[in-house]
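Yeah, the sequence shown ends on 740 if you go by our numbering, and it's all consecutive. Notes to accompany the following structure.
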Amino acid sequence: MDNFFQHKARKRFGQNFLVDENIIERIVRAIGPKDTDKLVEIGPGQGAITALLLDKCPSLTAVELDRDLIPMLQFKFRDFPDFTIIEKDALKFDFGSLAQGEGEQLRIVGNLPYNISTPLLFHLLSFRGKVKDMHFMLQKEVVDRLSAVPGAKSYGRLSVMTQYHCRVQGLFPVPPQSFRPAPKVDSAIVRLIPHQTLPHPAQDEALLERIVSVAFQQRRKTLRNALKPLFPELDPEQLPVDASRRPETLSVKEYVELADFCGSLTPSPDQPQ
468 MDNFFQHKAR KRFGQNFLVD ENIIERIVRA IGPKDTDKLV EIGPGQGAIT
518 ALLLDKCPSL TAVELDRDLI PMLQFKFRDF PDFTIIEKDA LKFDFGSLAQ
568 GEGEQLRIVG NLPYNISTPL LFHLLSFRGK VKDMHFMLQK EVVDRLSAVP
618 GAKSYGRLSV MTQYHCRVQG LFPVPPQSFR PAPKVDSAIV RLIPHQTLPH
668 PAQDEALLER IVSVAFQQRR KTLRNALKPL FPELDPEQLP VDASRRPETL
718 SVKEYVELAD FCGSLTPSPD QPQ
């Protein structure tokens with residue numbers, strides 16, 4: 468079995484294995500797992516965080532794409548009968564299928580591959596109704612974007628849509644030397660807590676997402692010019708916000724107001740014309 472423990476990190480999977488025991492313990496303390504939790508770990512790697520999680524919560528489901536890691540994990544945690552590994556691509560996996568009991572909510576954790584972190588975050592947000600909280604290791608730049616405020620350089624589509632659905636808490640940084648191999652970027656831990664009740668619910672979330680996406684594709688333009696391709700007939704002077712502002716200056720609340728206003732004038736892009 469010793470050869471199981473000589474797995475090298477694979478660049479194509481974006482693998483950087485966390486090896487700093489102090490950081491690992493700090494992450495688990497931040498998560499605060501309980502034995503009644505339904506834990507889901509994305510990309511357990513060699514099981515560094517998994518081991519401490521299982522000590523607190525023996526029921527854990529791991530989603531792992533690298534099939535060569537699975538025998539090692541199965542052997543390492545063979546004494547935990549409620550430890551389950553699902554060999555799937557997290558980007559395509561239905562996380563909602565894991566919340567089977569009535570009212571059951573998932574607690575999702577993971578050291579997310581940096582090369583797919585943004586699309587994976589958007590995928591996970593689609594299951595927010597079945598998620599209690601999420602704790603992730605991400606590139607620090609991504610954590611900065613998640614928690615950015617209007618007007619900040621890092622404020623963008625990811626900021627608006629994540630904050631629409633969740634409360635975002637950047638927790639602490641993680642230096643490159645905490646990994647093997649060491650990445651060329653700094654990392655950080657973030658906590659995402661889905662809102663039980665949305666602070667600013669949009670009438671049409673699909674339209675909100677489309678407006679935010681189009682606006683930030685041309686973030687240096689004024690709102691008037693950025694939205695013109697989407698709403699060519701719209702009179703900018705009618706907008707509920709100043710049309711001369713740039714997209715990165717609008718709050719989540721203002722984007723919702725903008726989407727609701729545009730939705731009242733035109734059919735949703737997802738609805739028949």
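Don't be surprised by glycine CBs; every beta carbon is placed ideally from N, CA and C. This structure is a prediction, so every number in the text was calculated from the model and none was measured.
Using the DSSP secondary-structure output, state which residues sit across from residue i in a beta bridge.
i       : result
Ser-654 : Gln-606 and Val-641
Asn-746 : Outside the displayed range of the chain (468 to 740) lies residue 746, so it cannot be described from this structure.
Glu-551 : In the sequence on display, residue 551 carries Thr and not Glu. Answer is Thr-528, bridged to Thr-551.
Leu-665 : Paired residues: none, contrary to the question.
Lys-599 : In the DSSP output, where bridge partners are listed per residue, Lys-599 has none listed.
Lys-505 : Leu-573
Phe-484 : Arg-647
Ile-660 : Arg-634
When the Cα atoms are used, what is the spatial distance from residue i to residue j?
i       : j       : result
Ala-710 : Lys-688 : 10 Å
Ala-497 : Lys-599 : 14 Å
Phe-484 : Pro-538 : 17 Å
Val-635 : Leu-613 : 7 Å
Leu-732 : Glu-724 : 13 Å
Ala-682 : Pro-666 : 22 Å
Phe-560 : Leu-573 : 14 Å
Ala-693 : Glu-704 : 14 Å
Glu-571 : Phe-562 : 12 Å
Asp-653 : Leu-558 : 23 Å
Asp-504 : Asp-671 : 33 Å
Ala-726 : Leu-674 : 6 Å
Pro-696 : Asn-489 : 51 Å
Gly-568 : Lys-555 : 22 Å
Lys-607 : Ser-621 : 11 Å
Val-708 : Phe-728 : 10 Å
Arg-712 : Phe-698 : 17 Å
Arg-691 : Leu-588 : 29 Å
Leu-701 : Gly-730 : 11 Å
Lys-501 : Pro-525 : 9 Å
Arg-545 : Pro-640 : 32 Å
Determine the DSSP secondary structure at residue i, reduced to helix, strand or coil.
i       : result
Cys-729 : helix
Asp-561 : coil
Arg-634 : strand
Ala-682 : helix
Glu-569 : coil
Arg-647 : strand
Gln-738 : Only weak support exists for where Gln-738 lies, its pLDDT of 45 falling under 50; the value from the coordinates is given anyway. Note: Gln-738 maps to coil in three-state DSSP.
Leu-540 : helix
Glu-700 : coil
Val-495 : helix
Pro-500 : coil
Leu-587 : helix
Arg-624 : helix
Gln-705 : helix
Ordered along the chain, which non-local residues of its own chain (more than five positions away) have a Cβ less than 8 Å from that of residue i?
i       : result
Thr-716 : Pro-617 and Gly-618
Ser-718 : Pro-617
Thr-585 : Val-609 and Leu-625
Leu-527 : Leu-506, Val-507, Glu-508, Thr-517, Leu-520, Leu-521, Phe-547, Asp-549, Phe-550 and Thr-551
Ile-491 : Leu-485, Ala-515, Ile-516 and Leu-519
Val-495 : Ile-516, Leu-519, Leu-520 and Lys-523
Ser-645 : Leu-485, Val-486, Asp-487, Ile-490 and Ser-654
Quick one: what's got a C-beta closer than 7 Å to residue i's C-beta in the same chain, skipping five residues either side?
i       : result
Val-679 : Arg-624, Val-627, Met-628 and Tyr-722
Gly-637 : Val-610, Ser-614, Ala-655 and Val-657
Which residues in the same chain have their Cβ closer than 6 Å to the Cβ of residue i, if we skip the five residues on either side of it in sequence?
i       : result
Pro-424 : Limits of the chain in this structure are 468 at one end and 740 at the other, which puts residue 424 out of reach.
Phe-603 : Gly-577, Leu-579 and Val-657
Gln-630 : Val-719
Leu-436 : Missing from the structure shown is residue 436; the chain here goes from 468 to 740 and no further.
Arg-686 : Pro-714 and Glu-715
Arg-595 : His-632 and Pro-661
Ala-529 : Glu-508, Pro-511 and Ile-552
Met-601 : Ile-575 and Leu-659
Query raised in the report: Three or more beta-carbon pairs under 8 Å between the region 497–516 and the region 530–537, yes or no?
Result: yes
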